[in-house]
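Accompanying notes for the structure given below.
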Amino acid sequence: MTSGKKKKPLLVMKFGGTSLGGAERMQAAAEIVASHTAQAAIVVVVSAMGGVTDMLIRAANEASHGDRGHWKSVRQSLAQRHREVADQTLSAGEQAAVLPRLAAQVTDFENLCSGFSLVREVTPRAMDTLSSLGEVMSATLVSAILRSRGFAAVAVDATELIVTDDEFGNATPLVEETRARTQPRLSALIEAGIIPVVTGFRGATAEGLCTTLGRGGSDYSGTIIGAALDADEVWIWTDVDGVMTADPRLVPSAHIIPEISYRESIELSFFGAKVLHPKTIQPVMKKKIPVWIKNSFNPSCPGTKIGASASNGKPGVKAITSVSDADLVTISGRESLSFPRLATRVFNGLHLEDVTTLMVTQSSADNVLCFAIKHADWGKVKSRLSKTFELELLHEYVGPLECMSKIAIVVAVGEKMKGTPGLAGRAFGALGKRGINIIAIAQGSSELSISFAVRASDVKEAVRAIHEEFQL
Ligand code: ADP
Ligand code: ASP
Ligand code: MG
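Going by numbering that gives the first Met the number 0, the first residue of the sequence shown is number 0, and it counts up by one from there.
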């Protein structure tokens, strides 16, 4: 890192809810920022305090069912949790400025919930404004903590920076528009030596309606901002030492991977590795901006570098991940309904319902198509396909839709798996030895992953078996 006349490198640091759990954690986050200001210009992106988003969403839902008591108690804890942090971390001057702002944000919560309980409805659009209020509150606090420590810092609402489409709850950023708003606004602050503290998770349509980027979306906010500013690096601070060979909650012996490629991390996050939102890598991939996963509870640990290529000599499996709440759907057609025709209509139906498949297998000889989806999507899939094949089902040209629930998809990921013979066989063997039945198997089109469908009750054992077999 450079000093003197040369421009400092630009770092975007995103802090997750686990890193902002309370006063002590928020101080630790501010300390991390403070300790890097000499070497780099920093833009901070914050999540809501841990647990707050769940609490807000539940309050909105309860309010829309007419329950006034629930959100009133949430109002109390929302106010109390943030106020406690302010009491413990802010200078007297900052408290005077920030407490009324927090109170106004709690009033916004109250007004929205009151409205939902009156009309007995919460629209996706209103839900986005409410569910991302936690980010507004934590940006208010983190910027004030930095100011209390003597740094110039200002909270910036991402609705003024990130322009998205209007898919409320799962919005997609518009790259050019976002760049056009983010560059001038944040560059001016950075050049003035002010640390912007940006709300994660939220953005806004071009007309200014608040949207959110999907649950866990603050990681994505970090890289959207990083790409818009052509940052040198994006650092994602969380509660584990980096990307690990498996979810440490399932495999206690999992260990940190020092470097992984963009493609590997995309594959891992798509198949459930919660450490990264599945879309996080997309904004930075073309620009080759490295993303680091670091532990705010152990900041001296270097963490994992996610970059264009990973220097790991060992070919084969690099990490195991899993999705536990899956369903395996089977549909079979008579010979008169050709397999391509059956498959076209099934996938068109899934497309219309915006359903992603986790795994697809076929048996052309028997005209059977089998695919895995998230359990939450089964209702939509069932009604859509029942409609699509109404006549065929009636005349038995198509067999009844079968759904096997309580399925888990276990996925082995590794850039160099392609061209390494015998990997699937070894994984099969490892599962077989433990008596775990493999219900279906598929290789990722990227040849970077192999997926196995097993019973959800076997998932822990299956992940551990493959982890052990490949000595990760
Ligand atoms: P944050 O609040 O910082 O966004 P998350 O809870 O969203 O944190 O993500 C971090 C969690 O992801 C970890 O605590 C860990 O349990 C989980 N996780 C799942 N798979 C992995 C993996 N392969 N490597 C690291 N962490 C993982
Ligand atoms: N607070 C949001 C959530 O819980 C976004 C995030 O934490 O990344 O989903
Ligand atoms: Mg997260």
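Heads up, the beta-carbon is just placed ideally off N, CA and C, and yes, glycines get one too.
Counted as a single uninterrupted DSSP element, the alpha helix (DSSP H) harbouring F346 occupies residues F338 to L351.
A Cβ-Cβ contact shorter than 9 Å links P195 with V42.
In the DSSP secondary-structure assignment, S362 is bridged to V367. Contact between Q442 and I435 fails: their C-beta atoms lie close to 19 Å from each other, not under 8 Å. Counting only runs that start and end inside the segment 120-187, the beta strand (DSSP E) elements of at least 3 residues fall at 152-155. Within the same chain, and ignoring the five residues on either side of S268 in sequence, the residues whose Cβ sits closer than 6 Å to its Cβ are L275 and P277.
Every residue whose beta carbon comes nearer than 5 Å to a heavy atom of the ligand MG appears here in chain order: G15 and G215. Put simply, the backbone Cα of I56 is about 32 Å away from that of E232.
E468 is a Cβ neighbour of A429, given a cutoff of 9 Å. Taken from the Cβ of R262, every heavy atom of the ligand ADP lies 8 Å or farther away.
In this structure, P8 is the residue among P8, A464 and L368 with its C-alpha nearest to the C-alpha of S186. By the C-beta density criterion, H81 is buried, having at least 16 other C-beta atoms within 10 angstroms. For A342, the closest C-alpha among the options E258, T355 and N366 is that of N366. Residue environment for P282: buried (at least 16 other C-beta atoms within 10 angstroms of its C-beta).
For V290, the three-state secondary structure derived from DSSP is strand.
Of the residues L447, A91 and K13, the one whose Cα lies closest to the Cα of F270 is L447. Selection L368, L188 and T211 evaluated against T198 yields T211 as nearest (Cα-Cα).
Excluding the 5 residues flanking it on each side, A464 has same chain C-beta neighbours closer than 6 Å at A429, L430 and R433, in chain order. Two segments are said to touch when three or more pairs of C-beta atoms, one from each, lie closer than 8 Å; by this definition the segment 387-405 does not touch the segment 282-291. T355 and R67 have their C-alpha atoms roughly 36 Å apart. Residue burial annotation: L390 is exposed, with fewer than 16 other C-beta atoms found within 10 angstroms of its C-beta.
For V458, the closest of R333, A325 and V359 by C-alpha to C-alpha distance is A325. According to the DSSP assignment, M403 belongs to the beta strand (DSSP E) that extends over E401 to V412. Straight-line measurement puts the Cα of A143 at about 46 Å from the Cα of K405. By the 16-neighbour rule on beta-carbons within 10 angstroms, L349 is buried. Shown here, V380 sits in a helix according to DSSP, grouped into three states. Between G49 and P123, the CB-CB gap reaches or exceeds 9 Å.
A distance criterion of 8 Å places the beta-carbon of A375 beyond contact range of the ligand ASP, judged by its closest non-hydrogen atom. Per DSSP, the continuous alpha helix (DSSP H) segment holding D86 begins and ends at R67 to T88. Note that the segment 203-220 touches the segment 165-179; at least 3 beta-carbon pairs, one per stretch, sit closer than 8 Å.
Boundaries of the beta strand (DSSP E) harbouring T198: I194 to T198, taken from the DSSP string. The criterion of a C-beta distance shorter than 9 Å is satisfied by A461 and S321.
Checking the 8 Å criterion, the Cβ of M243 is within range of a heavy atom belonging to the ligand ADP. Annotation: the continuous beta strand (DSSP E) that includes S323 extends over A318 to S331. Per DSSP, the unbroken beta strand (DSSP E) holding C209 starts and ends at C209 to T211. In the DSSP annotation of this structure, R248 is not part of any alpha helix (DSSP H), being labelled neither H nor E.
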